[in-house]
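A short worksheet on the structure shown next.
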Amino acid sequence: MPLNERDRIEILMMIGVGDRMRTQQEVCRLFHEMHPDREPVSQSTVSRIERKYRELGHVRDAPRQGRPKINENVQQDVILSALENPHCTVRQVSRDLNIGKSSVSNIFKKVKYHPYRVRLIHELAEDDFDRRTEFCEYMMDHNNQNNGFIANILFSDEATFFLNGHVNRQNTRYWSQENPHWMQEYHTQHPQKTNLIDTIGKVKSLSFKICPLKNFSVANRKSSEAPKSDMLRVAFWAETG
């Protein structure tokens, strides 16, 4: 247990003055007798306390260096900023209040504020449930008729990148102490975006062609059957044979 200022003063009194001074070993033994429930002090500790008093005239702790503690008023301003605009960023609060970003982050952490990020989900229409059931029945029937049907399916997924920053999971946040279960509806059909399509499947080759998609079914067609047109779009299909 570290010694406080009162303990150091008590050790100075045990050392004594004039011809009634005790040795460091005697001071250690006396301190332990008076405080048997505490950890004994060492002779080096007694020597360091005595030297500090002779040099500085006191045994107080030196002022701690480092950044000063956050002002209570500043902390309240940061909290109010999050309450007024839960979607604010640390950078915005730092700029508005003219304080460091690390201070803003520490305040949010101190008051247990968490940046809840948006979760992107698709809106379900009333007929979506029936469509899912129909699709499952369709797949089961075709798989029963042809055992190799599923092995020839090319599964794909896509990710959309909005060039205007719309629906950005990194920038869309909600500062709160508890999950707000906040929802916001977005329209995703914007021209300023690009889609990345990734596929996985058991196929011999994957062909990327440029062809019109209107009135053209990709299923069961070879690359040589792709029609030609001035109106071009990107389509792809798997060649299994």
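Under this note's numbering, think of the first position of the sequence shown as 1227, with each following residue one higher.
Idealized CB from N, CA, C, for every residue including glycine.
For clarity, every value in this text was computed on a predicted model and none was experimentally measured.
The beta-carbon separation of R1399 and Y1342, rounded to 7 Å, stays under the 8 Å limit for a contact. For T1386, the pairing in a beta bridge is given by DSSP as N1421. Counting only the Cα atoms, W1401 lies some 8 Å from C1314.
Within the region 1234-1279, the runs of alpha helix (DSSP H) at least 4 residues long that lie entirely inside it are, in chain order, 1250-1260. Secondary-structure assignment with DSSP links P1228 through no beta bridge to anything. In this structure, Q1301 sits near K1336, with a CB-CB distance shorter than 9 Å.
W1408 sits close to V1344, with the two beta carbons spaced by under 9 Å. By the C-beta density criterion, F1334 is buried, having at least 16 other C-beta atoms within 10 angstroms. Distance from Q1250 to V1272 at the Cβ level is roughly 5 Å; contact confirmed, criterion being Cβ atoms closer than 8 Å. F1381 sits in a strand when the DSSP states are folded into three classes. For R1399, the uninterrupted beta strand (DSSP E) run begins and ends at 1399-1402, by DSSP.
Y1342 is bridged by DSSP to Y1400. Per the coordinates, the alpha-carbon of E1231 lies some 8 Å from the alpha-carbon of D1287. Proximity to F1375 across V1316, Y1279, M1365, N1297 peaks at M1365, based on C-alpha coordinates.
In the structure shown, H1368 adopts helical secondary structure according to DSSP, grouped into three states.
Of N1378, R1234, L1422, V1330, the smallest CA-CA separation from H1340 is found for V1330.
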